[in-house]
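Below is one structure, written out as structure tokens, with a few remarks after it.
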Amino acid sequence: MTGPFRSLAVRNFRLFAAGQVVSVAGTWMMIVAQDWLVLALTDDSAGALGVVTALQFAPLLLLTLYGGRLADRHDKRLLLTVANAISAVLALVLAALVLSGAVRLWHIGLFALGLGVVNAVEVPARVSFVSEMVGAELLPNASALSAAYFSTARVVGPALAGLMIAALGTGWVMLLNAASYLATVMALRMMRPQELHRSAPESRARIVDGLRHVLARPDLVLPLALLAVVGLCGLNFQLTLPLLAKTVFGADADAFGLLTTAFAAGSLVAALVTTARRGRPSGRTVVVSALLFGVLETVAGWSPGFLAAMVLLSLTGFASIYFVQAANHRIQLGSDPRYRGRVMALYTLIVQGSTPFGALGTGWLAERFGARSGLVVGGLMSLFAAVAALLVERATARDTAPYAAGGEKGTRTGPVGTASRLPPGEAPEAPEAPAAVELQEPPDPRERDRTV
49 MTGPFRSLAV RNFRLFAAGQ VVSVAGTWMM IVAQDWLVLA LTDDSAGALG VVTALQFAPL
109 LLLTLYGGRL ADRHDKRLLL TVANAISAVL ALVLAALVLS GAVRLWHIGL FALGLGVVNA
169 VEVPARVSFV SEMVGAELLP NASALSAAYF STARVVGPAL AGLMIAALGT GWVMLLNAAS
229 YLATVMALRM MRPQELHRSA PESRARIVDG LRHVLARPDL VLPLALLAVV GLCGLNFQLT
289 LPLLAKTVFG ADADAFGLLT TAFAAGSLVA ALVTTARRGR PSGRTVVVSA LLFGVLETVA
349 GWSPGFLAAM VLLSLTGFAS IYFVQAANHR IQLGSDPRYR GRVMALYTLI VQGSTPFGAL
409 GTGWLAERFG ARSGLVVGGL MSLFAAVAAL LVERATARDT APYAAGGEKG TRTGPVGTAS
469 RLPPGEAPEA PEAPAAVELQ EPPDPRERDR TV
């Protein structure tokens with residue numbers, strides 16, 4: 049198989065992708081149902097929705113680095129099986145409470161907290177497991193396809209959730225989500241372990257070693273720092289979209305599903321576009337995509353009507369996934385495979401672990417200045433961060449220019465004086481931080497994705 053779907057020629061990845069489409073669609077249905085239920089129980093309280101969102105992501109802030117350590121030390125396939133089974137049980141319990149009419153706000157908060165603990169282990173294991181399924185050469189394509197099926201599920205899930213909530217109520221949506229986890233469990237158990245590209249487990253893997261690896265690499269630090277600001281301020285759509293739909297446009301559950309679907313459709317297009325990527329993106333690509341995202345989110349916050357909001361949020365969804373995927377590929381393709389679980393745990397910690405603070409801050413803004421403020425302020429902060437990163441990237445390029453001295457234009461000098469050609473538009477990097485050498489191409493992500 050060739051083209052943008054070439055990774056699907058790998059049986060293990062094909063099974064995993066099929067299971068994830070079903071499971072993630074159920075998860076997004078659950079997200080819509082949970083948010084709608086919280087607003088129904090609290091008379092449209094943005095603060096209550098922010099607290100529940102923070103509870104779900106707080107464990108990612110506290111435990112994700114430990115989860116990355118587990119991923120580097122143990123069988124990722126087994127970790128993912130256990131995590132998805134536990135998530136199914138948690139969703140089943142909450143569905144039973146909702147269907148029986150006994151659910152209270154604290155039940156939802158407790159469920160969100162439990163699911164967050166599971167995700168702290170599941171997310172870094174899942175992200176780093178992709179390279180084990182497809183190998184180094186197909187890693188960029190498989191990573192982009194992972195974003196594509198997440199975005200596909202994000203289109204289908206909210207739309208179905210809106211219809212099911214209107215017809216049957218939130219409890220049946222949560223019950224369906226509990227069943228959807230079984231698709232991933234079955235896919236994992238049907239894999240052929242002998243076909244996985246496994247490296248020797250790090251029996252003494254330490255979190256601090258992964259952090260040192262990152263800190264020694266300026267080309268990893270800059271995209272991670274930019275992700276931290278954008279994730280904290282700009283990627284709070286789980287909170288801003290339901291508030292925008294219900295408090296600004298007076299939408300019902302069906303219309304809310306459409307608004308979320310429009311955002312996800314743009315995300316899907318971006319994910320499909322990035323499947324064409326074959327190597328490590330430049331730092332400039334990461335920064336410019338963040339700049340575009342900041343502009344579009346700010347404009348979306350001022351949408352004059354529901355139709356305009358759908359169009360602008362679709363464009364914002366495209367920019368958000370393009371940025372996140374560019375950062376993901378730059379970080380994952382540049383990290384040493386021995387530390388990849390811990391590096392991607394740090395990536396997850398920054399992207400999703402910042403959500404508790406972002407949700408609380410966005411909830412506070414929305415309570416005082418209206419739902420639009422969450423999008424406008426988030427977009428402006430992302431824009432300012434991108435401009436600052438662009439200045440840093442340019443300064444770094446000037447500072448490292450002497451390393452290319454003596455070589456032809458577009459080359460850099462390695463640690464022992466050998467020149468290697470740079471990708472177009474990428475600045476030379478300092479020789480003490482070489483990229484991983486495992487990959488044949490330049491070395492190579494709800495989520496809740498937060499997705500992403």
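Count along the sequence shown from 1, add 48, and you get the number used in this note's numbering.
For each residue, glycine too, the CB sits at the ideal point set by N, CA and C.
Residue i to residue j span [Cα, whole Å]
| i | j | result |
| --- | --- | --- |
| Gly-219 | Glu-415 | 28 angstroms |
| Pro-352 | Phe-159 | 36 angstroms |
| Gln-82 | Ala-310 | 19 angstroms |
| Asp-92 | Thr-295 | 8 angstroms |
| Ala-88 | Ala-434 | 37 angstroms |
| Arg-59 | Met-239 | 8 angstroms |
| Asn-284 | Val-182 | 31 angstroms |
| Asp-267 | Leu-224 | 43 angstroms |
| Gly-210 | Leu-306 | 8 angstroms |
| Leu-291 | Met-358 | 14 angstroms |
| Thr-308 | Trp-84 | 13 angstroms |
| Val-100 | Phe-405 | 12 angstroms |
| Ala-312 | Ala-293 | 15 angstroms |
| Leu-280 | Gly-149 | 35 angstroms |
| Val-440 | Ala-393 | 25 angstroms |
| Pro-472 | Gly-217 | Here the model assigns Pro-472 a pLDDT of 35, short of 50, so the residue's position is not dependable and the matter cannot be decided. |
| Gly-331 | Val-424 | 26 angstroms |
| Trp-350 | His-155 | 35 angstroms |
| Leu-360 | Arg-54 | 32 angstroms |
| Asp-257 | Gly-389 | 12 angstroms |
| Ala-420 | Arg-152 | Before going further, note that residue 420 is Arg rather than Ala in the sequence given. Taking the straight line from one Cα to the other gives about 28 angstroms. |
| Val-347 | Leu-428 | 10 angstroms |
| Phe-64 | His-245 | 15 angstroms |
| Glu-243 | Ala-57 | 13 angstroms |
| Ala-44 | Leu-236 | With the chain covering only 49 through 500, there is no way to say anything about residue 44. |
| Asp-302 | Ala-207 | 7 angstroms |
| Tyr-451 | Phe-432 | With a pLDDT of 39 at Tyr-451, under the threshold of 50, the modelled position of that residue is not reliable, and no figure is offered here. |
| Ile-255 | Arg-117 | 6 angstroms |
| Leu-140 | Pro-385 | 37 angstroms |
| Val-137 | Leu-145 | 13 angstroms |
Three-state secondary structure assigned by DSSP to residue i
| i | result |
| --- | --- |
| Gly-418 | coil |
| His-377 | helix |
| Arg-54 | helix |
| Asn-225 | helix |
| Arg-174 | helix |
| His-245 | coil |
| Asn-189 | helix |
| Met-502 | In this structure the chain extends from 49 to 500, so residue 502 is not present and cannot be described. |
| Ser-402 | coil |
| Asp-257 | helix |
| Leu-85 | helix |
| Pro-463 | Legend: pLDDT at Pro-463 = 33, less than 50; position of this residue unreliable, value from coordinates given subsequently. Reduced to three states, the DSSP call for Pro-463 is coil. |
| Gly-217 | coil |
| Gly-183 | coil |
| Ala-264 | coil |
| Thr-444 | helix |
Taking 8 angstroms as the cut-off, does the stretch 262 to 281 touch the stretch 365 to 380 (at least 3 CB pairs, one atom from each stretch)?
yes
With a threshold of 8 angstroms, are at least 3 pairs of Cβ atoms found where one atom belongs to the stretch 120 to 140 and the other to the stretch 169 to 178?
yes
Completely contained alpha helix (DSSP H) runs for the stretch 93 to 172, where each covers 4 or more residues:
94 to 121, 124 to 148
With a cut-off of 8 angstroms, do at least 3 Cβ pairs link the stretch 187 to 199 to the stretch 317 to 325?
yes
Per the contact definition of three or more C-beta pairs closer than 8 angstroms, is the stretch 333 to 349 in contact with the stretch 364 to 376?
In short, these stretches touch, since the Cβ pair count reaches three.
Would the stretch 228 to 238 and the stretch 125 to 141 be scored as touching if the rule is three or more Cβ pairs under 8 angstroms?
yes
For the pair the stretch 164 to 172 and the stretch 113 to 122, tell me if three or more CB-CB distances fall below 8 angstroms.
yes
Can you find at least 3 beta carbon pairs, one from the stretch 258 to 267 and one from the stretch 194 to 207, that sit closer than 8 angstroms?
Touching, no, given that fewer than three Cβ pairs across the two stretches are closer than 8 angstroms.
Please specify which runs of the alpha helix (DSSP H), each continuous and at least 4 residues long, are wholly inside the stretch 322 to 383, giving them in chain order.
331 to 348, 354 to 382
Going residue by residue through the stretch 266 to 322, where are the continuous beta strand (DSSP E) segments of at least 3 residues, counting only ones entirely within it?
Taking only runs of at least 3 residues, no beta strand (DSSP E) segment lies wholly in the stretch 266 to 322.
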